[in-house]
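Engineer: Structure incoming, see below.
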Amino acid sequence: MKNIGGSWNRDELISIELAEAGIPKIVKKISSFRTIGKLGAFTFIRSTDVWIAWGDVPLSVAIELYNTPLGKKTILVCAHRGAPSPEEIRTVGVSQDRRALVRAGDLRWAVSTRNYIGETVSVIPFYAITNMVGLKYFVSTLKKHNLV
15 MKNIGGSWNR DELISIELAE AGIPKIVKKI SSFRTIGKLG AFTFIRSTDV
65 WIAWGDVPLS VAIELYNTPL GKKTILVCAH RGAPSPEEIR TVGVSQDRRA
115 LVRAGDLRWA VSTRNYIGET VSVIPFYAIT NMVGLKYFVS TLKKHNLV
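Using my numbering, you'd call the opening residue of the sequence shown number 15 and step up by one each time.
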């Protein structure tokens with residue numbers, strides 16, 4: 015994904031990427047960029063070189079995403095660049111700088127549980143997505159499972 019950190023027209027580039035992925039845009043100063051995406055309960059924030067997707071992805075869907083070559087390489091669980099599986103994140107977690115796996119007791123935010131229609135499920139709360147193909151696949155998977 016193109017590094018847009020120094021681009022004078024980065025909000026325009028972000029708008030183009032959001033439209034290409036089918037994500038509605040809103041203009042709000044959340045990060046250093048004003049334009050973000052909002053699709054259902056998911057928020058998409060563009061970093062300099064990745065998209066960060068905030069929103070609860072049930073563990074079963076996270077595993078489905080990971081078990082594809084595209085998902086494994088471009089849709090990073092909890093933004094961990096080492097690309098651990100959702101189960102690895104679930105059992106050990108990631109450090110806050112996302113550089114190393116740590117014991118589960120040291121990190122409580124990597125995976126949490128949510129109550130959906132009377133059923134408690136484990137969820138992955140955020141992802142880093144490294145390219146447009148991955149972003150489109152992530153969105154289509156959310157839609158397929160009626161998460162948006």
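Virtual Cβ for every residue (Gly too), placed ideally from N, Cα, C.
Return the Cβ separation of Leu149 and Trp68 in integer angstroms, given the expectation that the two are a contact with Cβ distance under 8 Å.
Structural biologist: The residue labelled residue 149 in the question sits at position 135 within the sequence shown. The residue labelled residue 68 in the question sits at position 54 within the sequence shown. Not a contact, Cβ separation roughly 14 Å.
Engineer: Would you report the Cα separation of Lys87 and Glu101, rounded to the nearest angstrom?
Structural biologist: For this step, residue 87 is matched to residue 73 along the sequence shown. For this step, residue 101 is matched to residue 87 along the sequence shown. Lys87 and Glu101: Cα-Cα distance of roughly 16 Å.
Engineer: In terms of residue numbering, what span does the alpha helix (DSSP H) encompassing Leu90 cover?
Structural biologist: Stepping through the sequence shown from its first residue, residue 90 is reached at position 76. It is not in any alpha helix (DSSP H) - Leu90 instead sits in the beta strand (DSSP E) that spans 89–91.
Engineer: Following the continuous alpha helix (DSSP H) through Leu32, name the residue where it begins and the one where it ends.
Structural biologist: Indexing the sequence shown from 1 puts residue 32 at position 18. Note, Leu32: alpha helix (DSSP H), 24–35.
Engineer: Compute the beta-carbon to beta-carbon distance between Tyr80 and Val71, rounded to the nearest angstrom, for a pair I have assumed lies under 8 Å.
Structural biologist: Sequence index remark: in the sequence shown, residue 80 carries index 66 (1-based). Sequence index remark: in the sequence shown, residue 71 carries index 57 (1-based). Contact flag wrong, Cβ pair sits at about 10 Å.
Engineer: With DSSP as the reference, label Thr62 as helix, strand or coil.
Structural biologist: Sequence index remark: in the sequence shown, residue 62 carries index 48 (1-based). It is coil, neither helix nor strand.
Engineer: DSSP three-state call for Gly20: helix, strand or coil?
Structural biologist: Here residue 20 refers to the residue found at position 6 when the sequence shown is read from its first residue. Residue state, collapsed to three classes: coil.
Engineer: Taking DSSP's pairing of strands, which residues face Leu53 in a bridge?
Structural biologist: Translated into positions along the sequence shown, residue 53 becomes position 39. Answer is Phe56.
Engineer: By the 10 Å Cβ neighbour count, where 16 or more other Cβ atoms means buried, how is Ile18 classified, buried or exposed?
Structural biologist: By 1-based counting over the sequence shown, the position of residue 18 is 4. Result: buried.
Engineer: Measure the Cβ-Cβ separation of Thr144 and Ile89 and say whether it is below 9 Å.
Structural biologist: Translated into positions along the sequence shown, residue 144 becomes position 130. Translated into positions along the sequence shown, residue 89 becomes position 75. For Thr144 and Ile89, yes; Cβs fall inside 9 Å.
Engineer: Mind checking Thr155: buried by the 16 CB within 10 Å criterion, or exposed?
Structural biologist: Looking up residue 155 in the sequence shown gives position 141. The residue in question, Thr155, is buried, as its Cβ has 16 or more Cβ neighbours within 10 Å.
Engineer: Take Val162 as the anchor and find which of Leu73, Phe56, Phe140 has the nearest alpha-carbon.
Structural biologist: Within the sequence shown, numbered from 1, the residue matching residue 162 stands at position 148. The shortest C-alpha separation from Val162 is found at Phe56.
Engineer: Between Val75 and the rest of its own chain, which residues show a CB-CB distance below 6 Å, the 5 nearest in sequence each way excluded?
Structural biologist: In the sequence shown, counting from the first residue as 1, residue 75 sits at position 61. Only His159 meet the Cβ criterion.
Engineer: Expressed to the nearest angstrom, what Euclidean distance is found between the alpha-carbon atoms of Ile28 and Arg95?
Structural biologist: Counting from 1 along the sequence shown, the entry for residue 28 is found at position 14. Counting from 1 along the sequence shown, the entry for residue 95 is found at position 81. One C-alpha to the other measures close to 22 Å.
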